[in-house]
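J.:
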């Protein structure tokens, strides 16, 4: 998994988390259940956002919490338990996404804004369709289009969008989870958002830039 | 720099081009932009209808993305996973051949 170098400057675990992990190391199932209760909702949601189905999200939860139990003795507390678990979740989900047979590749660049040599928008006028967006949101049409567009992103970019925009994690934490610098998170996130905007514009019948 | 609000938007009188405004949207939305840059950015949006429209649709897309919701974890799924984990944890390690 070359794009997931793992941890760098992680936030350390809180004392409570360290104690719970120590208890898990000693086979305390109550501590294990506490960690499960605390983190399973987010892990489920993250896996579901990334993979799009309950069955795989369930398998990811099994894998992640089994790893937590088995590797508890190697947990040193130099990263927050949540960061470690979300990293396990993202790694497992990204790995599955990469194994999936990809549908016809969508060219991201086709949906990014284009500019003239002097820096002006190439497409003029740019149409403001944001009001129509609110109406189509009410019909759930936009949500469906957006989910499809998010699915067209490359796995790591999809993970950046899921963690930053759907889970609303700080970009620093997204970087810690995915093994990316904050600058890399920002660059990938902005490009992904521009793509989603362009894809949505095209799907709603407006130009792509 | 001339700050004529009546200038046609295609003139783009500010030193910030539409391309640079587009590059800076994320910093503006997240509040990571320096105050002096913010003033120039907002001034450009007021004068350039293309960038204003682009900004509104970028922000609208982001809001729509953030509103994508999935249901919470179904209790039966949660219970099933927990049961699986209990079984897996309690299972004795398989003997080496």
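Chains as they are written, first to last, in my numbering: chain A, 13 to 221; chain B, 0 to 96.
For each residue, glycine too, the CB sits at the ideal point set by N, CA and C.
Any residues in the segment 43-56 of chain B with a beta carbon nearer than 8 Å to a beta carbon of chain A? Which ones, in chain order?
T.: Residues passing the 8 Å Cβ filter: 48, 49, 50, 51, 52, 53, 55 and 56.
J.: Going by beta-carbon coordinates alone, are residue 140 (chain A) and residue 55 (chain B) separated by less than 7 Å?
T.: Contact: yes.
J.: Give me, in chain order, the residues of the same chain whose beta-carbon lies closer than 7 Å to that of residue 204 (chain A); leave out the 5 immediate sequence neighbours on both sides.
T.: Closer than 7 Å at Cβ, skipping near neighbours: 165, 169, 172 and 173.
J.: Looking at the unbroken alpha helix (DSSP H) that takes in residue 40 (chain A), where does it start and where does it end?
T.: Run containing residue 40 (chain A): none; DSSP gives neither H nor E here.
J.: Hey, does residue 101 (chain A) have any beta-carbon neighbour from chain B nearer than 7 Å?
T.: No, residue 101 (chain A) lies away from the interface with chain B (no Cβ there is under 7 Å from its Cβ).
J.: Please say whether residue 67 (chain B) and residue 178 (chain A) have beta carbons closer to each other than 7 Å?
T.: Cβ distance < 7 Å, so residue 178 (chain A) and residue 67 (chain B) count as in contact.
J.: Can you pull the chain A residues whose beta carbon is under 7 Å from the beta carbon of residue 60 (chain B), in chain order?
T.: Those within 7 Å of residue 60 (chain B) in chain A are 205, 208, 209 and 212.
J.: Does the Cβ of residue 58 (chain B) lie closer than 6 Å to at least one heavy atom of the ligand MN?
T.: Among the components modelled here there is no ligand, and therefore nothing to report on the ligand MN.
J.: Between the Cα of residue 18 (chain B) and the Cα atoms of A:106, A:192, A:126 and A:152, which residue gives the shortest distance?
T.: Among A:106, A:192, A:126 and A:152, the Cα nearest to that of residue 18 (chain B) is on A:126.
J.: Taking the beta carbon of residue 82 (chain B) as the centre, do at least 16 other beta carbons fall within 10 Å, making it buried, or is it exposed?
T.: Exposed is the call here.
J.: So if DSSP puts residue 133 (chain A) in a beta bridge, which residue, or which two residues, is it bridged to?
T.: Looking at the DSSP assignment, residue 133 (chain A) forms a beta bridge with A:127.
J.: With C-beta atoms as the reference, is residue 119 (chain A) less than 7 Å away from residue 206 (chain A)?
T.: Result no, Cβ atoms of residue 119 (chain A) and residue 206 (chain A) do not sit closer than 7 Å.
J.: Would you say residue 28 (chain B) lies against chain A (beta-carbon separation less than 7 Å)?
T.: Residue 28 (chain B) does not count as touching chain A.
J.: Under 7 Å, do residue 95 (chain A) and residue 76 (chain A) count as touching if we go by C-beta distance?
T.: No; because the gap between Cβ atoms is not below 7 Å, this pair is not in contact.
J.: Residue 111 (chain A) by DSSP, collapsed to three states: which one?
T.: Residue 111 (chain A): helix per DSSP, three-state reduction.
J.: Just to make sure I have the definition right: I need the residues of chain A whose C-beta is within less than 8 Å of the C-beta of residue 32 (chain B). Which are they?
T.: The contacting residues do not exist; residue 32 (chain B) stays about 12 Å from chain A at best.
J.: State the Cα-Cα distance for the pair residue 163 (chain A) and residue 16 (chain B), rounded to the nearest angstrom.
T.: Going from the Cα of residue 163 (chain A) to the Cα of residue 16 (chain B) covers about 32 Å.
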